[in-house]
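Engineer:
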Amino acid sequence: MNQNERTASLRADRSVIERAAARLRSEAIRSGYAGLQHQHIAFALALILDELARHLTDLDRAVRWQTVQSCRLLLGEQPDAVE
Numbered sequence: 000m001n002q003n004e005r006t007a008s009l010r011a012d013r014s015v016i017e018r019a020a021a022r023l024r025s026e027a028i029r030s031g032y033a034g035l036q037h038q039h040i041a042f043a044l045a046l047i048l049d050e051l052a053r054h055l056t057d058l059d060r061a062v063r064w065q066t067v068q069s070c071r072l073l074l075g076e077q078p079d080a081v082e
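Under numbering that gives the first Met the number 0, read the sequence shown as residues 0 to 82, first letter to last.
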């Protein structure tokens, strides 16, 4: 994989993680308006995803892959095949 492909791959993975974090926050806010409790857990998970996205280049390859796949599932997207 050349540098341009690596950069594009990192950017795409970061986007998936950031969208998942945004979805968690959005759903937590909606749940709060509906009177449900424990939104703080969704916000905490979103903060963890923010940190993972911020430090994506430092993650172990397997951890990065699993994080992205989990976020895709959360977003209702098709996960990648096992590498």
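Using N, Cα and C, we set each Cβ at its ideal position, and we do this for glycine too.
These numbers were taken from a predicted model, which means no experiment stands behind them.
1. Closest to E26 by C-alpha separation, out of H39, V62, Q65, D59, would be which residue?
2. In the DSSP assignment, find the unbroken alpha helix (DSSP H) run with H39 in it and report its ends.
3. Just mark D59 as buried or exposed, buried being the case when its beta carbon has 16 or more other beta carbons within 10 Å.
4. Could you pull out every residue in the same chain whose Cβ sits closer than 8 Å to the Cβ of R18, ignoring the five residues on either side in sequence?
Structural biologist: Reading off the structure:
1. H39
2. 38-53
3. exposed
4. C70, L74
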